[in-house]
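Q:
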């Protein structure tokens, strides 16, 4: 929990407290696993648009098990696995009392690490592919941050739908290995940002249908680089701003190519959509996971009591390994 | 006409040539008036996305009269007033042979200067108000370049629809006069870009419903200034880039406010819409003009043979006066 916003390593404390029995419409959840995401850190720092009232339990994604139900609970039963249906719920804990309506039921035959990390990254990729362009087999989707959590989920989901992907990643010494890894997930093309800006890029893109959808989590000039290749009347969705720079959008393509620039924020989607729509999305994603379409991200389970180590690791390093707090149930 | 792209003062020549009688499906048009717009200049310079095959007759807007018709012409008759239905048609001439399908019929009881200057500015404002947001009486539309041709058309059309407008103009010594002028056209609020960036702006906007639509012809940081006040799920349409800078779009509002950034180009709209849709737009705009909703822009008629003087004037000065070539018929 944290009682004030600030450096997560300083403000987060492990607190023991009593919890009531579930009242009418409530269920008692035993949390099993919850990852540490950049947005969680930002929320604790107070630099995220959602600020839960303090004191607050941190963490936004995670999976738990219903261990007791109050009267009048209809949809859930003891033993069901659940995930929170919206942000700011507080997943870094062992027990939580929650109103039934706040929870999404998920199957228990899907990997816990997959379920725990699905709410932000996988759902974001899923919605971007579904809601912004009418895509058919063979169409091209271009994205930067191809190696991000969302990027990898998008590669897998796109592959499953017969879409081609052009994935931009930052140049790095082990680029070949990364290209191999992303291609094994289903990426059609993986290119470095150096290649993206090279003369060969134009020629390379001529060999493909123009992308109808581009997904941007970088911002700055990288936005213009995507926009350059976007099809006429295509859509670019921005879901992050890793460069911490405003998007640079040349007026020409925006006006003359009649493209559509959108933003996407999973939290907003969850807050304005119905319980039924959210449940339907989770059902479809769990089904895809069961079919082997979606791999769990590379991760490391850390017991909740060692949260400080996991927090530092997730903040300090450039590792691709996601830190997942494990509640040991 | 011009036979090569370049400085309009150098490459444009007045040419005399013979013209055939109208063949099947064709009409002979006697041009009456055609304005000089920035896009015409850019097209001659070769820096506009539309480049007509050379040699070409310059000019994109204008109004003429049908003086002869070929066989099989159905919609038009001698004496009808017409405007070209698309860009690059070449309006700076006395006579033109055209296929009937290229022309839009306009009424002859509307001011010639209004008709001649409607295709770009008025139609752009009309479409932006119509196609990008569902606006109802009392809603707020915000725009920069409030003193541009499109800006003034938008003010008048918005006023007619009961919409409030917040119009940003560049700071200038005679700001009070400009505010008075734009308010007399129907502007609800006129503010300088200095005020837009001042501390008082936030307080001022609190007194109004958040704008559902913002129209941007400036680009650069001015884009972020509009975006800041745009309503959640609002739309910003960019139709010009006067600052010649890319748009600066902070990722935050784009993502968290779920806004929609679009571009608009009248030329594209004309090229992808049907003859019927274009004719319907013109009918509606001519009707509004007849009702006194739309004033003709401040202008100066210049005989076609003095085109060089009119070109220099339109390129060199910051005057608000539009130069309209008059063919003397």
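Chains as they are written, first to last, in full-length UniProt numbering: chain A, 1 to 329; chain B, 1 to 329. Backbone N, C-alpha and C define an ideal beta-carbon position, used for all residues, glycine too.
Please state the DSSP three-state secondary structure of residue 36 of chain A.
A: For the purposes of this step, residue 36 of chain A is taken as residue 36 along the first chain, with counting starting at 1. Three-state DSSP puts residue 36 of chain A in coil, outside helix and strand.
Q: With the cut-off set at 8 Å, would you say residue 149 of chain B and residue 121 of chain B are in Cβ contact?
A: Residue numbering aside, residue 149 of chain B sits at position 149 when the second chain is read from its first letter. Residue numbering aside, residue 121 of chain B sits at position 121 when the second chain is read from its first letter. Result yes, Cβ atoms of residue 149 of chain B and residue 121 of chain B sit closer than 8 Å.
Q: Any C-beta of chain A within less than 8 Å: which residues of the stretch 250 to 283 of chain B qualify?
A: 250, 251, 252, 253, 254, 255, 256, 257, 258, 259, 260, 261, 262, 263, 264, 265, 268
Q: Work out the CA separation of residue 257 of chain B and residue 282 of chain A for me, nearest whole Å.
A: Here residue 282 of chain A corresponds to residue number 282 of the first chain, with the count starting at 1. Here residue 257 of chain B corresponds to residue number 257 of the second chain, with the count starting at 1. Looking at the two C-alpha atoms, the distance is approximately 24 Å.
Q: Helix or strand or just coil, what does DSSP make of residue 278 of chain B?
A: For the purposes of this step, residue 278 of chain B is taken as residue 278 along the second chain, with counting starting at 1. Collapsing the DSSP output to three states places residue 278 of chain B in a helix.
Q: Going along the chain, which residues of its own chain have a beta-carbon closer than 6 Å to the beta-carbon of residue 8 of chain A, five neighbours each way excluded?
A: In the first chain, the residue the question calls residue 8 of chain A occupies position 8. Counting only Cβ-Cβ distances below 6 Å, and skipping sequence neighbours, we find 41, 44, 311.
Q: To the nearest angstrom, report how far apart residue 229 of chain B and residue 233 of chain A are at their CA atoms.
A: Translated into the one-based positions of the second chain, residue 229 of chain B becomes position 229. Translated into the one-based positions of the first chain, residue 233 of chain A becomes position 233. The straight-line gap from Cα to Cα measures roughly 26 Å.
Q: Quick check: is the beta carbon of residue 224 of chain B nearer than 8 Å to any beta carbon in chain A?
A: Mapped onto the second chain, residue 224 of chain B falls at position 224. Output row for residue 224 of chain B: interface = yes.
Q: What residues of chain B sit near residue 239 of chain A, judged by a beta carbon separation below 7 Å?
A: Position 239 of the first chain, counting from 1, holds the residue named residue 239 of chain A. In chain order: 255.
Q: Among A/294, A/125, A/237, A/105, which one has its Cα closest to the Cα of residue 276 of chain A?
A: As a first step, residue 276 of chain A is located in the first chain; it is residue number 276 there, counting from the start. Comparing Cα positions, the closest option is A/105.
Q: For the stretch 44 to 63 of chain B, which residues have a beta carbon sitting closer than 8 Å to at least one beta carbon of chain C?
A: Checking the listed chains, one finds no chain C in this structure; the protein chains it contains are A and B.
Q: Taking 8 Å as the threshold (C-beta atoms), are residue 146 of chain B and residue 187 of chain B in contact?
A: The residue you call residue 187 of chain B lines up with position 187 of the second chain. The residue you call residue 146 of chain B lines up with position 146 of the second chain. Taking 8 Å as the Cβ cut-off, residue 187 of chain B and residue 146 of chain B qualify as a contacting pair.
Q: Could you spell out the range, first to last residue, of the beta strand (DSSP E) harbouring residue 215 of chain A?
A: Residue mapping note: residue 215 of chain A aligns to position 215 of the first chain, counting from 1. From DSSP, the beta strand (DSSP E) with residue 215 of chain A extends over 213 to 216.
Q: Throw me the rounded Cβ distance for the residue 248 of chain B and residue 224 of chain B pair, which I believe falls under 8 Å.
A: Against the second chain, residue 248 of chain B aligns to sequence position 248. Against the second chain, residue 224 of chain B aligns to sequence position 224. Indeed they touch by this definition, with Cβ atoms about 5 Å apart.
Q: In whole angstroms, what is the alpha-carbon distance linking residue 237 of chain B and residue 155 of chain A?
A: Your numbering for residue 237 of chain B matches position 237 in the second chain. Your numbering for residue 155 of chain A matches position 155 in the first chain. The alpha-carbon atoms of residue 237 of chain B and residue 155 of chain A are separated by roughly 31 Å.
Q: Using only the alpha-carbon positions, how far apart do residue 254 of chain A and residue 125 of chain A sit?
A: Translated into positions along the first chain, residue 254 of chain A becomes position 254. Translated into positions along the first chain, residue 125 of chain A becomes position 125. Distance between the alpha carbons of residue 254 of chain A and residue 125 of chain A: 24 Å.
Q: Compare the C-beta of residue 230 of chain A against all C-beta atoms of chain B and say whether one is closer than 8 Å.
A: Mapped onto the first chain, residue 230 of chain A falls at position 230. False, the Cβ-Cβ gap to chain B never drops below 8 Å.
Q: Would you check if the distance between the CB atom of residue 34 of chain B and the CB atom of residue 94 of chain B is smaller than 8 Å?
A: Stepping through the second chain from its first residue, residue 34 of chain B is reached at position 34. Stepping through the second chain from its first residue, residue 94 of chain B is reached at position 94. Not closer than 8 Å, so no.
Q: Just to confirm the assignment, what range does the beta strand (DSSP E) spanning residue 326 of chain B have?
A: Here residue 326 of chain B corresponds to residue number 326 of the second chain, with the count starting at 1. That run of the beta strand (DSSP E) goes 322 to 326.
Q: By Cβ distance, which residues of its chain are closer than 6 Å to residue 314 of chain A, with the 5 residues on each side in sequence left out?
A: Working through the first chain from its first residue, we reach residue 314 of chain A at position 314. Once the five neighbours on either side are set aside, the close Cβ partners of residue 314 of chain A are 36, 323.
Q: Using the rule of at least 16 other Cβ atoms within 10 Å of the residue's Cβ for burial, across every protein chain shown, is residue 74 of chain B buried or exposed?
A: Within the second chain, residue 74 of chain B is the residue found at index 74, counting from 1. Looking at its Cβ environment, which holds fewer than 16 other Cβ atoms inside 10 Å, residue 74 of chain B is exposed.
Q: Quick one: list the residues of chain A neighbouring residue 8 of chain B, beta-carbon separation under 7 Å, in chain order.
A: Residue mapping note: residue 8 of chain B aligns to position 8 of the second chain, counting from 1. Those within 7 Å of residue 8 of chain B in chain A number zero; the least Cβ separation is about 21 Å.
Q: For a test of the three-state rule: what should DSSP assign to residue 74 of chain A, helix, strand or coil?
A: Here the question's residue 74 of chain A lines up with position 74 in the first chain. The three-state secondary structure of residue 74 of chain A, taken from DSSP, is coil.
Q: With DSSP run on the structure shown, which of helix, strand or coil describes residue 219 of chain B?
A: Residue mapping note: residue 219 of chain B aligns to position 219 of the second chain, counting from 1. Here residue 219 of chain B sits in coil by DSSP.
Q: Taking residue 163 of chain A and residue 172 of chain A to be in contact with their CB atoms under 8 Å, please state how far apart those CB atoms are, rounded to whole angstroms.
A: On the first chain, residue 163 of chain A is found 163 positions in, with the first residue counted as 1. On the first chain, residue 172 of chain A is found 172 positions in, with the first residue counted as 1. Their Cβ separation, rounded to whole angstroms, is 26 Å, which puts residue 163 of chain A and residue 172 of chain A out of contact at 8 Å.
Q: Would you tell me roughly how many angstroms separate the C-alpha atoms of residue 153 of chain A and residue 294 of chain A, rounded to the nearest one?
A: Counted from its first residue, the first chain places residue 153 of chain A at position 153. Counted from its first residue, the first chain places residue 294 of chain A at position 294. Each residue's alpha carbon lies about 7 Å from the other.
Q: Determine the DSSP secondary structure at residue 307 of chain B, reduced to helix, strand or coil.
A: Within the second chain, numbered from 1, the residue matching residue 307 of chain B stands at position 307. Helix at residue 307 of chain B.
Q: What's the C-alpha gap between residue 189 of chain B and residue 166 of chain B?
A: Translated into the one-based positions of the second chain, residue 189 of chain B becomes position 189. Translated into the one-based positions of the second chain, residue 166 of chain B becomes position 166. So the alpha carbons of these two residues sit roughly 5 Å apart.
Q: Can you check which of these residues, B/144, B/89, B/48, is closest to residue 57 of chain B by C-alpha distance?
A: As a position in the second chain, residue 57 of chain B is number 57, starting the count at 1. Of B/144, B/89, B/48, the residue nearest in Cα terms is B/89.
Q: For residue 145 of chain A, would you say it is in contact with chain B, using Cβ-to-Cβ distances shorter than 8 Å as the test?
A: Taking the first residue of the first chain as position 1, residue 145 of chain A is located at position 145. Residue 145 of chain A does not count as touching chain B.
Q: State the Cα-Cα distance for the pair residue 211 of chain B and residue 292 of chain B, rounded to the nearest angstrom.
A: Along the second chain, read from residue 1 onward, the residue named residue 211 of chain B stands at position 211. Along the second chain, read from residue 1 onward, the residue named residue 292 of chain B stands at position 292. When rounded, the distance between both Cα atoms is 26 Å.
Q: Out of B/24, B/119, B/168, point me to the one whose CA is closest to residue 197 of chain B's CA.
A: Position 197 of the second chain, counted from the start, is the residue given in the question as residue 197 of chain B. Nearest option by C-alpha distance: B/168.
Q: At the 8 Å Cβ level, is residue 38 of chain A part of the contact set with chain B, yes or no?
A: Residue mapping note: residue 38 of chain A aligns to position 38 of the first chain, counting from 1. No, no contact with chain B.
Q: Ignore the nearest five residues each way along the sequence and tell me which others in residue 102 of chain A's own chain have a CB closer than 8 Å to its CB.
A: Counting from one through the first chain, the residue named residue 102 of chain A turns up at place 102. Hits under 8 Å: 84, 85, 86, 89.
Q: When you compare the CB of residue 219 of chain A with every CB in chain B, is at least one pair closer than 8 Å?
A: Counted from its first residue, the first chain places residue 219 of chain A at position 219. Answer yes: the Cβ-Cβ gap between residue 219 of chain A and chain B drops below 8 Å somewhere.
Q: In the structure shown, what three-state DSSP assignment does residue 102 of chain B receive?
A: Locating residue 102 of chain B in the second chain gives position 102, where the first residue counts as 1. Three-state DSSP puts residue 102 of chain B in a helix.
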